[in-house]
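Number of protein chains: 2
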Amino acid sequence: MNRTEPRTLAGFMELLPNEQIQFNQIKAKIENTYQKYGFLPLDTPIIELSEVLLAKAGGETENQIYRFTKGETDLSLRFDLTVPLSKYVAKNYGNLSFPFRRYQIGKVYRGEKAQKGRFREFYQCDIDILGDGKLDIIHDAELPSIIYTIFKELGFNDFTICINNRKILNGLFESLGQKDCSVEILRIIDKIEKIGKEKVVEELTKLDVQKEKIETMMDFLAIDGSSKQKIEKLESLKIDNEVYNQGVEELKEVVKYIQLFGVPDTNFKIDLTIARGLDYYTGTVYETFLNDYREIGSVCSGGRYENLAEYYTNKKLPGVGVSIGLTRLFYKLNELNLIKMPQESIAQVLIIPMVENLEQPIKLATDLRSFGVRTEIYLGDKKLKAKFKYADKLKIPFVIVIGEDEVATNQVNVKNMQTGEEKKVLFEAGEILNYIK
Amino acid sequence: MNRTEPRTLAGFMELLPNEQIQFNQIKAKIENTYQKYGFLPLDTPIIELSEVLLAKAGGETENQIYRFTKGETDLSLRFDLTVPLSKYVAKNYGNLSFPFRRYQIGKVYRGEKAQKGRFREFYQCDIDILGDGKLDIIHDAELPSIIYTIFKELGFNDFTICINNRKILNGLFESLGQKDCSVEILRIIDKIEKIGKEKVVEELTKLDVQKEKIETMMDFLAIDGSSKQKIEKLESLKIDNEVYNQGVEELKEVVKYIQLFGVPDTNFKIDLTIARGLDYYTGTVYETFLNDYREIGSVCSGGRYENLAEYYTNKKLPGVGVSIGLTRLFYKLNELNLIKMPQESIAQVLIIPMVENLEQPIKLATDLRSFGVRTEIYLGDKKLKAKFKYADKLKIPFVIVIGEDEVATNQVNVKNMQTGEEKKVLFEAGEILNYIK
């Protein structure tokens, strides 16, 4: 027989079971936290009509997209969860309650250049809050408190949620007479972390921004101090621009509420260099960094947009959202040995029957399961040693061997695989449960 | 602005939040049950190299497949979870422990003719147990006990797991000199439920099967009685064929163990008409029916195969597995109003702050969440009535309004939205938890 090499595509994560369990643990923690804040689940298709998905044409995204025809139909795989959300909300507007709080955790597709740690299929974990016509600024402060909860849940302490407001930058550019190329300027400034201050100055110069104006921008970006001090400095600049002043006002509100939502000052800060390259953000923007591992990049980003679904509906739907790129995050945490959760098994108990009649082992397994204990029976015909090795490789914490003796005496040995300790208990699910708990 | 109609593709399920919650409940029950039996999670890519996915060429599947090129690469979307499993096991053989028990719940893609209740993107929920070289027949009996547990968990009592063994049919055909066209005969017989006995006879006649042989087949398929009686009749036929006898022996074993695994006689039976059209099954085959809704078709099917990954490796990997087509199942249950779970909300408590200072409401929400209560704060600026309507539409069971009075008296009213009852309790998360539990 001609055999095909069993390959997986480059840029597509495929984990071994032990890694997959950890990945799923992290995913579940994110999902549970989203639910704890009352977000509703969505699960939109991975394939959409290209016409719908690319309604807002252009940009880098289009080159990366997986697009093809099936029959006569022009199809694309979703490249994020925001565009499908826009379509969904426009389509189902009458059936939704606002503010509409939804989460979606799902795979998205981007045909990026293959590169270590870059994925073409990856999970995004998104939350968005959408208002009908308007959405109070306080929601911009609720999201950082959710980000905070998630990264604490994942075992991190030393991380910073960086906050800015695009109106401040836009207003500044406007006041400098640079409104027309503000998007380009933002894109350049957004890279300051990556390419450094000098390179930013260089690129701005190329864009024909005057030297003094660049200096003003750089001075502005260098504003330092606590959140309170930064806001005071922003106010003290007395920039006579409405957009600027609105941005400062919003930022002040958001900071005030973030504190009220219980995010410690050590875990968030105003960072005036953050712009988020995507041009649909219009107000608050977020990025989140693990402080000892800035090189990972932002682990949770997002912001406020004025009008989510304008390409599909005339309803005005402002919103605010954040996204965690889970696949890349997991890859990086795994690489850096930063996954803070213990390696868990699925089965908590392995029952190894060494008797002809399986009635008793099966009954025990059924009873343990009814108590919520994940229980596997080793049903194959192998040597005892091989069966223990199986439990060991799968990291199953408890093993119970059932032989004729155990059935006769109505007692079993429960072996703790981590300590090696064995404990004799009554051959009864409740007793065993008490011991392993 | 030119607007695009926000359409979703035909054959792609997209649910409203309330439906999505129910869908996810069912999915979680299936996943939890799989885990309770110790199955390990996998999450393979949705896109694979066409060369890999279609290694075993041909059949109906290939016309239905979503296949396209990206750059130079010939890609396909997975059409089931079995082929990706084969690839995975062949690729990771050295890193897996056998018997390898895995579950996978994920979307698969088939470009079927668009039709009500037919889906082009749908969830499959698969479990398989793979042996290294061999796999004891008792595993064929464990799977029905898992199917049984799942449908009980989903609130059903009146369902039947139908079991057969393809060796019995193959052996029968062999003994009738029809070995060469046994696959075709199986495909025809498999349709007996759908097209009726006469149509089957007609199609077999067209296949040039002699009249007496067709009669023998029909007599055989009409064998009736309890499982025990059926096996006795199968044995009493004294068909002198090794494959046949092996099949009867296996079926006998499986039935014995199914009973031992605690599946009541009312929930399973031998059904000699079941063949499963797919030609890779080689032994035990399963189909499951909701007895009052046979028209839904089988809600959980599968079987035993001799060699899973032969297209990728020379390792012999026999296995047994079943699959639930969740999307179609959900669609049908929903249509027939058969979803037995109460409609749940995500948020369990909605806090409505009617005070200037949000400190107290936020603290209460944080405390409730730390007790595991999913809690939402209504942060928008609306009339109280609109906020209650929001809770009502989202079916949030408890609402707590916090005004100046509540803060001053340190007492809050918890409103049970279902009964309309209000209860005054101490403004303290523990107290509130006690009440709503």
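Just so you know, the sequences run in chain order Z and P. To convert, count from 1 in the first sequence and add 144; that's our numbering. To convert, count from 1 in the second sequence and add 144; that's our numbering. Ideal Cβ placement from N, Cα and C applies to all residues, glycine included. Just so we're clear, the structure is a prediction, and the values are computed from it rather than from any experiment.
Exercise. State the Cα-Cα distance for the pair Gly-340(P) and Ile-358(P), rounded to the nearest angstrom.
Key: 14 Å
Exercise. Could you work out which residue in Lys-251(P), Asn-207(P), Thr-217(P), Phe-212(P) is closest to Pro-228(P) when comparing CA atoms only?
Key: Lys-251(P)
Quiz item: When Cβ atoms are compared, which residues of the stretch 178-190 of chain P fall closer than 8 Å to chain Z?
Solution: Gln-179, Lys-180, Tyr-181, Gly-182, Phe-183, Leu-184, Pro-185, Leu-186, Asp-187, Thr-188, Pro-189, Ile-190
Quiz prompt | Cβ neighbours of Val-596(P) in the same chain (closer than 7 Å, five flanking residues each side left out) | solution = The displayed coordinates of chain P run from 145 to 581. Any statement about residue 596(P) would go beyond what the structure contains.
Exercise. Using 10 angstroms around the beta-carbon of Pro-486(Z), count the other beta-carbons present and answer buried if the total reaches 16, otherwise exposed.
Key: exposed
Quiz item: Who are the near neighbours of Phe-303(P) in its chain, counting only those whose CB is closer than 7 Å to its CB and skipping five residues on each side?
Solution: Phe-295, Asn-411, Thr-432, Phe-433, Leu-434, Asn-435
Quiz item: Tell me, which residues are paired with Gln-268(P) by DSSP?
Solution: Gly-250(P), Gly-469(P)
Self-check item: Residues in the stretch 517-532 of chain Z having any Cβ partner in chain P nearer than 9 Å
Solution: Val-517, Arg-518, Thr-519, Glu-520, Ile-521, Tyr-522, Leu-523, Gly-524, Asp-525
Quiz item: Taking buried to mean at least 16 other C-beta atoms within 10 Å of its own C-beta, is Ala-535(P) buried or exposed?
Solution: buried
Quiz item: Should Gly-463(P) go down as buried or exposed, given a rule of 16 or more other Cβ atoms within 10 Å for buried?
Solution: buried
Quiz item: Between Thr-293(P) and Gly-182(Z), what straight-line distance do the alpha-carbon atoms span, to the nearest angstrom?
Solution: 30 Å
Practice problem: Identify every residue that forms a DSSP beta bridge with Gly-446(P). | Solution: Tyr-430(P), Val-466(P)
Exercise. Could you pull out every residue in the same chain whose Cβ sits closer than 7 Å to the Cβ of Leu-198(P), ignoring the five residues on either side in sequence?
Key: Glu-206, Ser-220
Practice problem: Could you work out which residues of chain Z lie near Gln-169(P), taking near to mean beta carbons separated by less than 9 Å? | Solution: Within chain Z, no residue comes near Gln-169(P); the closest Cβ sits about 10 Å away, beyond 9 Å.
Quiz item: Is the CB-CB distance between Leu-298(Z) and Tyr-430(Z) below 8 Å?
Solution: no
Self-check item: Pair within 8 Å by beta-carbon distance, Lys-311(Z) and Val-387(Z)
Solution: yes
Practice problem: Give the straight-line distance between the Cα atoms of Phe-223(Z) and Thr-188(Z), rounded to the nearest whole angstrom. | Solution: 12 Å
Exercise. At 7 Å on the CB atoms, spell out the chain Z contacts of Glu-376(P), in chain order.
Key: Neighbours of Glu-376(P) on chain Z: none; closest Cβ ~23 Å, over 7 Å.
Quiz item: What in chain B is Cβ-close to Val-196(P), meaning under 7 Å?
Solution: The displayed structure is made up of protein chains Z and P, and chain B is not among them.
Quiz item: Are Glu-520(P) and Ala-491(P) touching if we call contact CB-CB under 8 Å?
Solution: yes
Quiz item: Any contact of the stretch 502-514 of chain P with the stretch 401-411 of chain Z, i.e. 3+ C-beta pairs under 8 Å?
Solution: yes
Quiz prompt | 4 or more residues per run - each alpha helix (DSSP H) lying fully within the stretch 391-429 of chain P | solution = none
Quiz item: To the nearest whole angstrom, what separates the beta carbons of Ala-573(P) and Leu-508(P), a pair I think is in contact under 8 Å?
Solution: 6 Å
Exercise. Excluding the 5 residues preceding and the 5 following Ile-209(P) in the sequence, name in chain order all residues of the same chain whose CB lies nearer than 6 Å to its CB.
Key: Ser-220, Phe-223
Exercise. Can you give me the start and stop residues for the beta strand (DSSP E) that Arg-211(Z) sits inside?
Key: 211-214
Quiz item: So Ile-339(Z) is in the beta strand (DSSP E); what residue range does that whole segment cover?
Solution: Where Ile-339(Z) is concerned, there is no enclosing beta strand (DSSP E), although the alpha helix (DSSP H) it sits in stretches over 336-339.
Quiz item: Gln-373(P) lies in the alpha helix (DSSP H); which residues open and close that run?
Solution: 371-380
Quiz item: Is the CB-CB distance between Val-345(Z) and Gln-322(Z) below 8 Å?
Solution: no
Self-check item: Test item: CB-CB of Tyr-267(P) and Thr-563(P) under 8 Å
Solution: no
Self-check item: Chain-ordered neighbours of Ala-172(Z) on chain P, where CB pairs are closer than 8 Å
Solution: Those do not exist, as Ala-172(Z) stays about 10 Å from chain P at its closest Cβ, beyond 8 Å.
Quiz item: What residues from chain P crowd round Pro-243(Z), counting only those whose CB sits closer than 9 Å?
Solution: Tyr-522, Leu-523, Gly-524, Tyr-534
Exercise. Measure from the C-beta of Gly-465(Z) to each C-beta in chain P and report whether the shortest distance is under 8 Å.
Key: no
Practice problem: Can you tell me which of Lys-537(P), Asp-549(P), Glu-566(P) puts its alpha carbon nearest to the alpha carbon of Gly-238(Z)? | Solution: Lys-537(P)
Practice problem: Give me the Cβ distance between Lys-476(P) and Ile-440(P), rounded to the nearest whole Å; I'm assuming they're in contact under 8 Å. | Solution: 5 Å
Quiz item: Using 8 Å as the limit for Cβ to Cβ distance, is Gly-340(Z) near chain P?
Solution: no
Quiz item: Just by C-beta distance, which residues in the stretch 265-281 of chain P are closer than 8 Å to chain Z?
Solution: Glu-265, Gly-275, Leu-279, Asp-280
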